[in-house]
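Asks: All letters in the sequence shown, in the order written, are residues -23 to -1, 1 to 259 by mature numbering (1 follows the signal peptide of the UniProt record, and there is no 0).
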Amino acid sequence: MKRYLLLVLTIVSLYIIVQQVKAAECDPNCGDANECAQKIKICQEIWDSVQKATAPHEASLKKMESDIAAFQARIKQISQEVIVKEREIASGEKELGAQQELLASRVRSAYIRSYTNNPLVLFFSQAGGFGKVMRVISYQQAVTQEDKRQIVETIALIKNIEDKKTNLENEKVTLASLEANLSVQATATKKLVDEAKAYQSKLSSQIGSLTARQQSLLAERSGTFTTSVGDVPLPDDPNSAPNYNPGFSPAFGENKDKISKIFYALTMAKNPQIKILVDKYL
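Rendered as C-alpha cells:
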C-alpha cells in the first residue's frame, strides 16, 4: 500500500511541476538579433526547468514501470494458479461428498458401539470365557479409535476445502482490484512522461527556429556576398559591390543614336586609288 501511495504522490507532484513550467511562455518570433538572443535564453531556461523537474522522477518512474511489469507477470501467474485451484476444489468437492457419507456412517457406528462396548454385557452375552470377551473388547476399541481418526481426518478435509474456497474468492477479488489499479497508474505515468517529452521536443524546435532567425539577422546586418571561395564580407568600397551602378547608363541609352551618327560622320572611307598631292614634291 505504501509503495502505491508513493507512486500516486510522485505522479501528482510531477504533474504539478510540469504544468507550472508550461505556464511560462516561449515566443518563437523575434525582430532583431538581440531580441532573438533574449528569447533563446528564455526558452532554454524553460527547457532546463522541464528537464530539472522530470530528471529526478525519470529513474523512479522507470523503476515503478519495471515493478508494474513484474507485478503484471505475477498476476498472470496467479491467474494460472487460480485455474489449478479451481480444478482442485472441484476434485475436493467430489471427494467431500464421499467423505461426508463415510462420516455419517462412522458416526452412526461409533454411536452404536458406545452402547455395546460394556464389558459386563459382553461377558454375559458371549460364550467362551473371559479371554474371548477381552479379545472382542480390544477389537471393538480399535475399530472405535479408527472411526474417530477417520472422523477427525474428514473434518480436517472439509475445513481444508472450505479454506481453499475462501482463499480462491479472496484471490479473485484482490486480482481484479490490482489489475484495475495497475491499469490506471500505468496510464497516468505514461501520459505524464510522454507529455513532458513532447513539450521538451516543442521547446527544442522553437529554440532551433530562434537560433536560425538570429543567424539570418546577424548575416544581414554584417553583410556578405558570395564568391568562388564562398561567402566573404563586403569591402569598404561600395563600388566593388556586385550590384554597383555608376549612374550613367540611362543617359547612354537615351543618346545612343546621336553618338552613332557622330562617329559615322567622322568615319573615313577606304579608297586605295585616291592620290594626295604635296606641294614640295610637285
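Where is the CB? At the ideal position from N, CA and C, for every residue including glycine. These figures come from a predicted structure and were not determined experimentally.
What's the gap between the Cα of T164 and the Cα of K71?
Replies: Sequence index remark: in the sequence shown, residue 164 carries index 187 (1-based). Sequence index remark: in the sequence shown, residue 71 carries index 94 (1-based). Taking the straight line joining both Cα atoms gives about 44 Å.
Asks: Check whether the region 156 to 173 and the region 33 to 46 are in contact - that is, three or more C-beta pairs closer than 8 Å.
Replies: Touching, yes, given that three or more Cβ pairs across the two stretches are closer than 8 Å.
Asks: Pairs of beta-carbons, one from the region 136 to 147 and one from the region 55 to 63, closer than 8 Å: are there three or more?
Replies: Contact holds: three or more Cβ-Cβ distances are below 8 Å.
Asks: What does the alpha-carbon distance come out to for the pair P33 and W24?
Replies: Mapped onto the sequence shown, residue 33 falls at position 56. Mapped onto the sequence shown, residue 24 falls at position 47. Distance between the alpha carbons of P33 and W24: 15 Å.
Asks: Buried or exposed, going by whether 16 or more other CB atoms sit within 10 Å of the CB of L180?
Replies: Within the sequence shown, residue 180 is the residue found at index 203, counting from 1. Result: buried.
Asks: List, from N- to C-terminal side, the beta strand (DSSP E) runs of 3 residues or more that fit wholly inside the region 49 to 73.
Replies: Taking only runs of at least 3 residues, no beta strand (DSSP E) segment lies wholly in the region 49 to 73.
Asks: When burial is assigned at 16 or more other CB atoms within 10 Å of the CB, is D9 buried or exposed?
Replies: The count along the sequence shown starts at 1 and reaches residue 9 at position 32. D9 should be labelled exposed.
Asks: In this structure, how does DSSP classify P33 when only helix, strand and coil are distinguished?
Replies: What you label residue 33 is simply residue 56 of the sequence shown in a count that begins at 1. Helix at P33.
Asks: Could you say which of D44, C13, Q57, A14 lies nearest to L152 if we only look at CA atoms?
Replies: One-based indexing of the sequence shown puts residue 152 at position 175. Among D44, C13, Q57, A14, the Cα nearest to that of L152 is on Q57.
Asks: What three-state label does DSSP hand D44 in the structure shown?
Replies: The residue you call residue 44 lines up with position 67 of the sequence shown. Helix, per DSSP.
Asks: Note down, in chain order, each residue of its chain lying with its Cβ closer than 7 Å to the Cβ of G156, except the 5 sequence neighbours on either side.
Replies: Counting from 1 along the sequence shown, the entry for residue 156 is found at position 179. In the sequence as displayed, the identity of residue 156 is Glu instead of Gly. Excluding positions up to five away in sequence, the list reads I52.
Asks: Taking the beta carbon of K16 as the centre, do at least 16 other beta carbons fall within 10 Å, making it buried, or is it exposed?
Replies: The residue you call residue 16 lines up with position 39 of the sequence shown. By the neighbour-count rule (16 or more Cβ atoms within 10 Å), K16 is buried.
Asks: DSSP three-state label for C20, please.
Replies: Taking the sequence shown and counting its residues from 1, one reaches residue 20 at position 43. Looking at C20 - three-state DSSP - the assignment turns out to be helix.
Asks: Do you know how far the Cα of A119 is from the Cα of R126?
Replies: Counting from 1 along the sequence shown, the entry for residue 126 is found at position 149. Counting from 1 along the sequence shown, the entry for residue 119 is found at position 142. Spanning the two alpha carbons is a distance of roughly 11 Å.
Asks: Less than 8 Å between C-beta atoms, sequence neighbours within five positions excluded: which residues of the same chain meet that for T188?
Replies: Sequence index remark: in the sequence shown, residue 188 carries index 211 (1-based). Cβ within range, chain order: C13, I17.
Asks: Since I55 and L159 should fall inside the 8 Å C-beta cutoff, what is the C-beta to C-beta distance between them, to a whole number of angstroms?
Replies: Working through the sequence shown from its first residue, we reach residue 55 at position 78. Working through the sequence shown from its first residue, we reach residue 159 at position 182. Going by Cβ atoms, the distance from I55 to L159 rounds to 13 Å, so no, they are not a contact pair.
Asks: Taking only the alpha-carbon atoms, compute the straight-line gap between L195 and I19 and give it to the nearest angstrom.
Replies: Against the sequence shown, residue 195 aligns to sequence position 218. Against the sequence shown, residue 19 aligns to sequence position 42. Rounded to whole angstroms, L195 to I19 spans 20 Å at the Cα level.
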